[in-house]
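Chains as they are written, first to last, in this note's numbering: chain A, 16 to 288; chain B, -18 to 118. Take a look at the structure set out below.
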Amino acid sequence: MEKEMQEIAKKLLAEKKVDWVIGYENSFEPGASRPVFMNKPEDAVKLVFNKSCVNNLAVYLPKIKKQKAAVVAKGCDLRSVREIIKEHQILRENVVIIGVACEGVESSKCSTCTENKLDGVDFTVGTVKDLGRKEDMSDIEKFEELSSKEKEAFWNKEFERCIRCYACRNVCPVCYCPDCFANRLMPEYLNKVVNTAENKVFQQIRMQHVFGRCTDCRACEEACPVGIKLSLLTKKMSKDAKKLFNYESGKDTDSRPPLSTFKVDEEGIAEIM
Amino acid sequence: MEVKEKKLNIVGFLCNWCSYAGADLTGLGRNIYPADIKIIRIPCTGRMDPMMVIEAFHKGADGVLVSGCHPGDCHYSEGNYYWRRRYAHLKELLDFFGIDKRRFHASWVSASEGKKFAEVVKKVVTETQDWKDSNSK
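Next comes the structure, spelled out in structure tokens:
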């Protein structure tokens, strides 16, 4: 599988079809991997794929706008790639997608993964198997039944730990705004002080911004140095998008994002006086 | 209705073309409604950035009301349809964060519905008060 991937990368770079190949290489730590950017065909041997390849490499795509890049994508990352193409952050002809048949990496999402199919990729590495896993929303439903006071207490406890390193924003493939509200001073929506209330507002606004684009890839949760349970929020949002607007992010590259379109006749979605 | 003392902090975002004029008419028609609401005029509910709602709650608002033209009557044709979608998901998301559904409201009030505006504010105040009472227990 790795050999196959290296051959493809080598060929793409040698024929100058792409300027960069974005993939995984072994890290200095044994058993760990890290993202790698290659522009020489002889570097292609570095490419690996194993259980530690957790990172969502789609995050680097909006940054290479003018150049062409090939990206190694698992089924879940592929949804993010589609979402970035849909929002015109990169042109489809400027990206070569090397889809990897993934059977799960060391991530919390993998036990409920239904996303390992690779539709619309340029190259497929390995054979895609049906993993027979099912989506599980029971934790969200359980949380929704709590009272507002309990919910608030839970999030206060979580965001008390937040150090506002913005890692969640920086690893998010759909958080690509060059001028983030968190850095803006006019208007200053967010104070730079790190405290529970401000941390919570930061995450509330960030979550609202990525609604309908978030593919629940869990990159934010994995990047969080203090282990805030952000997957609860991302899962809730994908549930809402499905329930309210019958929309699933990252399934195709041409549908309109739910908040940038509307139907005239949808009285039922919200109770409005 | 007897005028009670102002107790709550409710922020009302009203659209310039319908609800703001509607609120004006409420006063002209001498309809009495609770004074707990502070009104901010916005050009259209389509301009209503969800960040402003989050910010209002963060700065200590007990409740938020966003009001605009009826569907189909928007001065800019479609602004309120976009707001309807944003409202639907924002209400769910804020509830998940622990901001009770009773604190966040939206309504359609046209420029001729002065009475309805008074009713809407009464309802928002009752529900927000309801939340406040249950929360302080």
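We put the beta carbon where it would ideally sit given N, CA and C, even for glycine.
- DSSP, reduced to helix, strand and coil, places B/Arg22 within a strand of the structure shown.
- Taking C-beta atoms as the reference points, A/Ser48 and A/Asn54 fail to come closer than 8 angstroms.
- Counting the other Cβ atoms within 10 Å of the Cβ of A/Ala212 gives fewer than 16, which makes it exposed.
- With respect to the 8 angstroms criterion, A/Pro273 and A/Ala256 are classified as neighbours on the basis of their beta carbons.
- Membership of B/Ser48 in the beta strand (DSSP E) is indicated by the continuous run Gly44 to Gly49.
- Residue state for A/Arg49 is assigned as strand, using DSSP reduced to three classes.
- Checking the DSSP bridge columns, you'll see B/Gly(-7) partnered with B/Ile20 and B/Leu46.
- Around the beta carbon of A/Leu106, fewer than 16 other beta carbons sit within 10 angstroms, so the residue counts as exposed.
- Using a 10 angstroms sphere on the CB of A/Arg176, the tally of other CB atoms stays under 16, which defines it as exposed.
- Ranked by Cα distance from A/Cys235, the first of A/Ser122, A/Asp194 and A/Lys144 is A/Ser122.
- Against chain B, a Cβ distance below 9 angstroms from A/Ala212 picks out His39.
- Counting along the chain, A/Thr230 sits inside no beta strand (DSSP E), nor does DSSP assign it H or E at all.
- Against chain B, the CB of A/Tyr204 has a partner CB under 8 angstroms away; the residue lies at that interface.
- Pairwise C-beta distances place the region 242 to 253 of chain A out of contact with the region 27 to 42 of chain B, as fewer than three of them are shorter than 8 angstroms.
- Counting only residues of its own chain and dropping the five nearest sequence neighbours on each side, A/Ser163 has no CB closer than 6 angstroms to any other CB.
- When 7 angstroms is used as the limit between beta carbons, A/Pro273 is near these residues of chain B: Arg66, in chain order.
- The contact set of A/Met201 on chain B, defined by CB atoms closer than 7 angstroms, is empty, because the minimum CB distance reaches about 14 angstroms.
- Under the DSSP definition of a beta bridge, A/Phe138 partners with A/Ile113.
- Going by beta carbons, A/Val225 and A/Cys190 fall inside the 8 angstroms limit.
- The beta carbon of B/Val90 sits closer than 7 angstroms to the beta carbons of Cys(-1), Ser0, Gly3, Ser48, Lys97, Phe98 and Val101 from its chain, once the five residues preceding and following it are set aside; these are given in chain order.
- Within a 10 Å sphere around the beta-carbon of B/Arg66 sit 16 or more other beta-carbons, which makes this residue buried.
- Residue A/Val96 holds the alpha-carbon nearest to the alpha-carbon of A/Asp137 among A/Tyr262, A/Gln223 and A/Val96.
- Of all alpha-carbon atoms in A/Met152, A/Asn131 and A/Gly135, the one lying nearest the alpha-carbon of A/Val143 is that of A/Asn131.
- Distance from the CA of A/Asn210 to the CA of A/Phe174, rounded to the nearest whole angstrom, comes to 8 angstroms.
- A/Gln218 and A/Val87 have their C-alpha atoms some 29 angstroms from each other.
- Residue pairing for A/Asn41: DSSP places it in a beta bridge opposite A/Ser48.
- Nearest to A/Lys215 by C-alpha distance, out of A/Ile243, A/Thr230, A/Asp231 and A/Ser253, is A/Ile243.
- For B/Pro31, the nearest CB of chain A lies under 8 angstroms from its own CB, placing it at the interface with that chain.
- In this structure the region 143 to 153 of chain A does not touch the region 191 to 207 of chain A; the number of beta carbon pairs closer than 8 angstroms is below three.
- In this structure, B/Tyr57 lies away from A/Phe277, with their beta-carbon atoms at least 8 angstroms apart.
- By the C-beta criterion, the region 21 to 41 of chain A is judged to be in contact with the region 61 to 79 of chain A, since at least 3 inter-stretch pairs fall below 8 angstroms.
- Linking A/Cys192 to B/Asn12 through their CA atoms gives a straight-line distance of about 46 angstroms.
- In this structure, DSSP gives A/Ala88 an extended state, which the three-state scheme calls strand.
- Within the same chain, Phe(-6), Leu(-5), Cys(-4), Asn(-3) and Met29 come within 8 angstroms of B/Ile23 by CB-CB distance, once the 5 residues on both sides are set aside.
- With fewer than 16 other Cβ atoms inside 10 Å of its own Cβ, B/Leu9 counts as exposed.
- For B/Glu94, no chain A residue has a Cβ inside 8 angstroms of its Cβ, as the nearest lies near 11 angstroms away.
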